[in-house]
Every structure is written in structure tokens, then in C-alpha cells.
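What follows is a set of notes on a single structure, which appears directly below.
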Amino acid sequence: MKPLWIGSGFVQSLAYPNFVALISRNVRDERRGSVLTVWVMASPVGDIVGLSIARAVLERYGDDNWPVVMFVAAAFVVINLAIFLVFVREPKEDTVGTSGEDAESTALLGSSEDDSASFFEIARRVWIVPGVVDFCCSVMALKVVITSMLFWTPYYVDDVYPTQKKYSIVSTQLFDLALILGIGSTALMNRVFNRWIAVFLVSLAVGLAPLFALPYAHVLGWTVAYIFAVGFFVGPPAALLASTMSSDLGERAEARTGMRSIVGVISGFVDSAGAVGSGVGQILVGAVAQSGGWHSVFSMLCVFVVLGMLSLTRVARMEHIELSTRASKRIDRELI
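For reference, each letter of the sequence shown is one residue, going -12 to 323 in our numbering.
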């Protein structure tokens, strides 16, 4: 079974960065962020729907019939493939234009694209793009928190409220709902302030409070409220960094260097870093919970949120400088 699980994970991992690259290539600049935001919101929607279907299947066929759930999941994969083949077309060429500001900018990676360059050469060039390492480190740290909350909060609720176990699975669904609402709200805040990274940092800072307070709640209502708040404030930065922000970063790098295929590589790097964080988080939570209890677990998750924030400080300064430069150029053009 393990080789099958590994193979399934490998195949599924190929889809995410390529979807980001496909959307980036086909959607105009002014709409790309909105489309990617809606696309990211579909992921927690799928979690809620999938979990509900799995529960319904197990209730009908028995708790031991997990293979039936796997067949149902495979049916959804086939449906998704059919929809993709019917509605998705080849990317349009030259949809990414080079703006005047990008033409004036210094190339980040040096020369224009060499079509014969290997994947590893392209990856090496992309790795030195300012922001890629920052996004990878931040998503890695934040995914420790998000995945741990998704998978471990039902066990936490069962442990703390043993007489109300029927609400344990609801905590996961509420966390996904919070992710959906949080992603939409974060995108709206960016439309107002036009500062993605600054909005992320504020959201993460606010999310630290309910995460730290969670083990001190001794009423189920407050526990659920804190779980919802963590999903609303901490979840969106991790989701949007691997999609919308990776796309924006890749588009700017493509425009400045002439290299293609950067968006998919950047998104793949960031998403892979998130997968590493998810795996490490599951190991750490189990070990810490066994040795130090749930208080230690949530304290550890707070530390990872702080690490995610610290990883974004450099790109926050870069964002501020870039927006200030654009504003200065716009004022100069208006004066002329």
C-alpha cells in the first residue's frame, strides 16, 4: 500500500504548480489575483465536501470500509480530469506583457531565457529571485500550523471534551470554513491597501492571540471560536503565498528576464516547502503532545507562526520600496 500512497501523492503534487502557471498564462493581469483567490478558496470547500461524503459513505457501509471511500475519491479525480479535458485549452502565447516599469528594471536573473536550459538550470536561476526563499520559509512554517490544526484538532476536542465527541469532526469543517472566509477577506483587504505582505503580517499577528489562548479555553463554545479564528487569520497567508503571490512574483521575473516557465517552478518550490512543513508538523505535534501535553503543542505552533512572520519581513520591505518607487514615478509623470 505504501508505494501506492507515495505514487498517488507524487502524481497529485504535479497538479498544483501547473494549475497556477496555467491560470497565470491565460488570465489578464488585472484579473489574475481574483481568479487565483477564488481557485484557492475551492480547496477548503473541497475539504468540507469530501469529509461530508466520506462520513456518509462510512455510515452506510461501515467504519471499516475505507476502500469504498478511496473509490469514491478516485471517481472525483476522474470527473475532474474530464472537466479539465473539456474546458481547458492550450495557453495563449504572449499574454504576459512587459510593462514600462518592468522594462526599466534591472534583470533579476541576468540573461534572457535559453530554450535549451535544463530544469535544474532554470530552478537554479529561479531560486535566486528575491522573495522565493522568503516565501518558501514562510509557507513551510505556516503549513506546520495549518495542517496540524486540520488533523489534530478533532483529537484535541475528543481529549478535552470526551462527552461531546460528536463535535470533534465539526471543528475541522469550521476550520475549513474559516479558511474560505479568511482568504476572501484578505483579498478584499489587499484591494483596499494594495499591500499583500503587510496584510499577511497583520493577519498573522492577530491570529497568534486565539492560537495561544486555545488550550486555556475550558468551554466548547470558546474552543470552537478560537479554532475558527486561527483558521481565519493564520490560514490565508499560507494559501495565498503558494498561489497568488507566487504567480505575481513569477510574472515579474518573467517580464524582467524573458524566461518562461518561471511561474510554475516558483509555485512548485513554495508548494513543496509547504508539503515539507505539513509532514514535519505531524511528527512534531505527536511527539510534543506525548511529552509535554497540549499546552506545549499550541505554544510550539505559536513559535512557527512567528517564524512565518519573520520570513516575510524582507519581502515586506521590498514591497514597501516597490510601491513607493511606483508612486514616485507616477507623480513625476503627472508633473511632466
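Yeah, the Cβ is synthetic: ideal placement off N, Cα and C, and Gly gets one too.
Inset, instruction - Decide if the region 203 to 218 is in contact with the region 144 to 158; the criterion is three or more beta carbon pairs, one per stretch, under 8 Å apart. - result: yes
Legend entry - contact_flag[the region 196 to 205, the region 166 to 180] where n(CB pairs < 8 Å) is 3 or more: no
Legend entry - Three-state class that DSSP yields for residue 240 in the structure shown: Numbered from its first residue, the sequence shown carries residue 240 at position 253. Of the three classes helix, strand and coil, the one that applies to residue 240 here is helix, per DSSP.
Inset, instruction - Measure the beta-carbon distance from residue 222 to residue 262 and round it to whole angstroms, keeping in mind my assumption that it falls under 8 Å. - result: Your numbering for residue 222 matches position 235 in the sequence shown. Your numbering for residue 262 matches position 275 in the sequence shown. The Cβ separation is near 16 Å, so there is no contact.
Inset, instruction - Work out the CA separation of residue 226 and residue 220 for me, nearest whole Å. - result: Here residue 220 refers to the residue found at position 233 when the sequence shown is read from its first residue. Here residue 226 refers to the residue found at position 239 when the sequence shown is read from its first residue. Going from the Cα of residue 220 to the Cα of residue 226 covers about 11 Å.
Legend entry - Distance CB(residue 197)-CB(residue 217) smaller than 9 Å: Walking along the sequence shown from the start, residue 197 turns up at place 210. Walking along the sequence shown from the start, residue 217 turns up at place 230. Yes, the Cβ-Cβ distance between residue 197 and residue 217 is below 9 Å.
Inset, instruction - With a 10 Å radius around its C-beta and 16 neighbouring C-beta atoms as the bar for buried, classify residue 53 as buried or exposed. - result: Numbered from 1 along the sequence shown, position 66 holds the residue referred to as residue 53. Under this definition residue 53 is an exposed residue.
Legend entry - Contacting residues, own chain, Cβ-Cβ under 7 Å from residue 139 (five flanking each side not counted): Taking the sequence shown and counting its residues from 1, one reaches residue 139 at position 152. The residues are 272.
Legend entry - Cβ shell of residue 255 (< 7 Å), same chain only, five flanking positions each side left out: For the purposes of this step, residue 255 is identified with residue 268 of the sequence shown, where counting begins at 1. Result list for residue 255: 4, in chain order.
Inset, instruction - Return the Cβ separation of residue 251 and residue 25 in integer angstroms, given the expectation that the two are a contact with Cβ distance under 8 Å. - result: For the purposes of this step, residue 251 is taken as the residue at position 264 of the sequence shown. For the purposes of this step, residue 25 is taken as the residue at position 38 of the sequence shown. Contact flag wrong, Cβ pair sits at about 20 Å.
Inset, instruction - Return yes when the Cβ of residue 296 is within less than 9 Å of the Cβ of residue 125, no when it is not. - result: As a position in the sequence shown, residue 125 is number 138, starting the count at 1. As a position in the sequence shown, residue 296 is number 309, starting the count at 1. In this structure, residue 296 lies closer than 9 Å to residue 125 by Cβ.
Legend entry - Beta-carbon proximity list for residue 303, same chain, < 7 Å, skipping 5 on both sides: The count along the sequence shown starts at 1 and reaches residue 303 at position 316. Once the five neighbours on either side are set aside, the close Cβ partners of residue 303 are 184, 185, 188.
Legend entry - Under the three-state DSSP convention, the category residue 299 falls into: Within the sequence shown, numbered from 1, the residue matching residue 299 stands at position 312. Three-state result, residue 299: coil.
Inset, instruction - Would you kindly work out how many angstroms separate the C-alpha atoms of residue 148 and residue 207, rounded to a whole number? - result: In the sequence shown, residue 148 corresponds to position 161, counting from 1. In the sequence shown, residue 207 corresponds to position 220, counting from 1. Roughly 7 Å between the two C-alpha positions.
Legend entry - Range covered by the alpha helix (DSSP H) that runs through residue 254: As a working note, residue 254 is residue 267 in the sequence shown. Start and end: 249 to 279.
Legend entry - Under the three-state DSSP convention, the category residue 115 falls into: Start at 1 with the first residue of the sequence shown, and residue 115 comes out as number 128. Here residue 115 sits in coil by DSSP.
Legend entry - Cβ neighbours of residue 195 in the same chain (closer than 7 Å, five flanking residues each side left out): Position 208 of the sequence shown, counting from 1, holds the residue named residue 195. For residue 195, where only same-chain residues beyond five positions count, the Cβ hits under 7 Å are 289, 292.
Inset, instruction - Tell me whether residue 134 sits in a helix, a strand or coil according to DSSP, three-state version. - result: Counting from one through the sequence shown, the residue named residue 134 turns up at place 147. If DSSP states are grouped into helix, strand and coil, residue 134 belongs with the helices.
Legend entry - Straight-line gap, residue 299 to residue 74 (C-alpha atoms, nearest Å): Within the sequence shown, the letter at position 312 stands for residue 299. Within the sequence shown, the letter at position 87 stands for residue 74. In a straight line, the C-alpha of residue 299 is about 37 Å away from that of residue 74.
Inset, instruction - Counting only the same chain and skipping the five closest in sequence on each side, list residues whose C-beta sits under 7 Å from that of residue 14. - result: Here residue 14 refers to the residue found at position 27 when the sequence shown is read from its first residue. 22, listed in sequence order.
Legend entry - For residue 148, the three-state DSSP class (helix, strand or coil): Residue 148 sits at position 161 when you count from the first residue of the sequence shown. In the structure shown, residue 148 sits in coil (DSSP, three-state: anything other than H, G, I, E or B).
Legend entry - Which of helix, strand or coil DSSP assigns to residue 235: What you label residue 235 is simply residue 248 of the sequence shown in a count that begins at 1. Residue state, collapsed to three classes: helix.
Inset, instruction - Would you tell me roughly how many angstroms separate the C-alpha atoms of residue 158 and residue 151, rounded to the nearest one? - result: One-based indexing of the sequence shown puts residue 158 at position 171. One-based indexing of the sequence shown puts residue 151 at position 164. Their Cα atoms are separated by approximately 12 Å.
Legend entry - residue 181, DSSP secondary structure in three states: Working through the sequence shown from its first residue, we reach residue 181 at position 194. Residue state, collapsed to three classes: coil.
Inset, instruction - Could you tell me if residue 228 is buried or exposed, where buried requires 16 or more neighbouring beta carbons within 10 angstroms of its beta carbon? - result: On the sequence shown, position 241 is the one that residue 228 refers to. That one is buried.
Inset, instruction - Identify whether residue 189 lies in helix, strand or coil by the three-state DSSP scheme. - result: On the sequence shown, position 202 is the one that residue 189 refers to. Correct three-state label for residue 189: helix.
Legend entry - Rounded C-alpha distance that separates residue 121 from residue 191: Taking the sequence shown and counting its residues from 1, one reaches residue 121 at position 134. Taking the sequence shown and counting its residues from 1, one reaches residue 191 at position 204. Distance between the alpha carbons of residue 121 and residue 191 is about 16 Å.
Legend entry - Cβ-Cβ separation, residue 234 to residue 19 (assumed contact under 8 Å), whole Å: Reading the sequence shown from its first residue, position 32 is the one you call residue 19. Reading the sequence shown from its first residue, position 247 is the one you call residue 234. Right, their Cβ atoms sit about 6 Å apart.
Inset, instruction - Check whether the Cβ atoms of residue 44 and residue 59 lie closer than 9 Å to each other. - result: Mapped onto the sequence shown, residue 44 falls at position 57. Mapped onto the sequence shown, residue 59 falls at position 72. Contact flag set, yes.
Legend entry - residue 63 classed as buried or exposed, judged by whether at least 16 other C-beta atoms fall within 10 angstroms: Here the question's residue 63 lines up with position 76 in the sequence shown. Burial call: exposed.
Legend entry - Outcome for residue 285 when other beta-carbon atoms lying within 10 angstroms are tallied against a minimum of 16: Residue 285 sits at position 298 when you count from the first residue of the sequence shown. It is buried - the Cβ of residue 285 has at least 16 other Cβ atoms within 10 Å.
Legend entry - For residue 304, three-class secondary structure by DSSP: Counted from its first residue, the sequence shown places residue 304 at position 317. Three-state DSSP puts residue 304 in a helix.
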